[in-house]
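Undergrad: Remember, my numbering sits 7 above the position in the sequence shown when you count from 1.
C-beta: ideal position from N, C-alpha, C; glycine also.
I have a structure I would like to understand better, so I am pasting it below and will then ask my questions one at a time.
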Amino acid sequence: MTDEALLTQVLMPYKDHCKYLRSAVVTETDGHAFARCEFEIPESCYIDDTGHLNSVEVNICYNQMMYYLVAKSVKEGLGTGFESWTLDDFWKHQLPDILIARFSSNFRRPVNPRVFSGEMEFRSVTRRAPAGGIPFLHADTAFRYWDAGSGRCDGEATLAFVNAP
């Protein structure tokens, strides 16, 4: 079940017309956190209607899904990697310190952007301390989107949580 208050706060940094995430259910299996989400994009925030989900929207939806998954994981103590975090830590680090280090997406079949589903998982979250560097959290994630027809998109992203508590 979606934590509506948490979702509202997670999406607060976004302009109203860019709040695409409508609901999210977070689960945990074998120490890995997963989110299954519903999205709606009534109108693209930056381009005329293309008739399909595009790479910019995939990235925005990924960010919203990921922020919610991290916040819910912190709040409920799910998954691994965020055990020492509080929600106050998440709000402090949400925008300046959660970085997408690598992002790739594969468009298998056009996805209808008006109403579609998505899911993501944290495959791993590890603390790294590079020689002479500042420790950070490194996370490998996977995601996918689909619609009621045959639309499909999937991908992977690597995250760096810098200045982590």
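Quick one: complete beta strand (DSSP E) runs, 3+ long, within the region 58-107?
TA: Counting only runs of 3 or more, we get nothing.
Undergrad: Could you work out which residue in Val17, Arg121 and Thr133 is closest to glycine 58 when comparing CA atoms only?
TA: Along the sequence shown, one-based indexing puts residue 58 at 51. When only C-alpha atoms are compared, the closest one is Arg121.
Undergrad: To the nearest angstrom, report how far apart glycine 156 and alanine 12 are at their CA atoms.
TA: In the sequence shown, residue 156 corresponds to position 149, counting from 1. In the sequence shown, residue 12 corresponds to position 5, counting from 1. Spanning the two alpha carbons is a distance of roughly 31 Å.
Undergrad: Taking the alpha helix (DSSP H) that valine 169 falls in, what are its first and last residues?
TA: Along the sequence shown, read from residue 1 onward, the residue named residue 169 stands at position 162. Taken as a continuous stretch (DSSP letters only), valine 169 belongs to no alpha helix (DSSP H), as it is neither H nor E.
Undergrad: Report yes if the C-beta distance between glycine 125 and tryptophan 92 is below 9 Å; otherwise report no.
TA: Within the sequence shown, numbered from 1, the residue matching residue 125 stands at position 118. Within the sequence shown, numbered from 1, the residue matching residue 92 stands at position 85. Contact flag unset, no.
Undergrad: Buried or exposed: alanine 42, going by 16 or more other Cβ atoms within 10 Å of its Cβ?
TA: Here residue 42 is taken as the residue at index 35 of the sequence shown, counted from 1. By the neighbour-count rule (16 or more Cβ atoms within 10 Å), alanine 42 is buried.
Undergrad: Cα separation between tyrosine 69 and phenylalanine 150?
TA: Within the sequence shown, numbered from 1, the residue matching residue 69 stands at position 62. Within the sequence shown, numbered from 1, the residue matching residue 150 stands at position 143. Looking at the two C-alpha atoms, the distance is approximately 8 Å.
Undergrad: By Cβ distance, which residues of its chain are closer than 7 Å to isoleucine 107, with the 5 residues on each side in sequence left out?
TA: What you label residue 107 is simply residue 100 of the sequence shown in a count that begins at 1. Closer than 7 Å at the Cβ level, and outside the excluded window around isoleucine 107, lie Ala164 and Leu166.
Undergrad: Does chain C have any CB closer than 9 Å to the CB of threonine 57?
TA: Of the protein chains in the structure, only one exists, and it is not chain C.
Undergrad: Is the separation between the beta-carbon of cysteine 44 and that of isoleucine 67 shorter than 9 Å?
TA: Here residue 44 refers to the residue found at position 37 when the sequence shown is read from its first residue. Here residue 67 refers to the residue found at position 60 when the sequence shown is read from its first residue. No, these two residues do not count as a Cβ contact at 9 Å.
Undergrad: Using beta-carbon positions only, say whether serine 112 and serine 62 come within less than 9 Å of one another.
TA: By 1-based counting over the sequence shown, the position of residue 112 is 105. By 1-based counting over the sequence shown, the position of residue 62 is 55. In contact: serine 112 and serine 62 (Cβ atoms closer than 9 Å).
Undergrad: In this structure, how does DSSP classify valine 118 when only helix, strand and coil are distinguished?
TA: In the sequence shown, the residue the question calls residue 118 occupies position 111. Of the three classes helix, strand and coil, the one that applies to valine 118 here is coil, per DSSP.
Undergrad: With distance defined between alpha-carbon atoms, name the residue in Ile54, Arg159 and His100 nearest to phenylalanine 123.
TA: Within the sequence shown, residue 123 is the residue found at index 116, counting from 1. Ranking Ile54, Arg159 and His100 by Cα distance to phenylalanine 123 puts Arg159 first.
Undergrad: Looking at C-alpha atoms only, which residue of Thr133, Leu102, Val169 and Arg130 is the closest neighbour of methionine 19?
TA: Counting from 1 along the sequence shown, the entry for residue 19 is found at position 12. Considering only alpha carbons, the answer is Leu102.
Undergrad: Cα separation between glutamate 83 and cysteine 25?
TA: Along the sequence shown, read from residue 1 onward, the residue named residue 83 stands at position 76. Along the sequence shown, read from residue 1 onward, the residue named residue 25 stands at position 18. The straight-line gap from Cα to Cα measures roughly 27 Å.
Undergrad: DSSP three-state label for aspartate 55, please.
TA: For the purposes of this step, residue 55 is identified with residue 48 of the sequence shown, where counting begins at 1. If DSSP states are grouped into helix, strand and coil, aspartate 55 belongs with coil.
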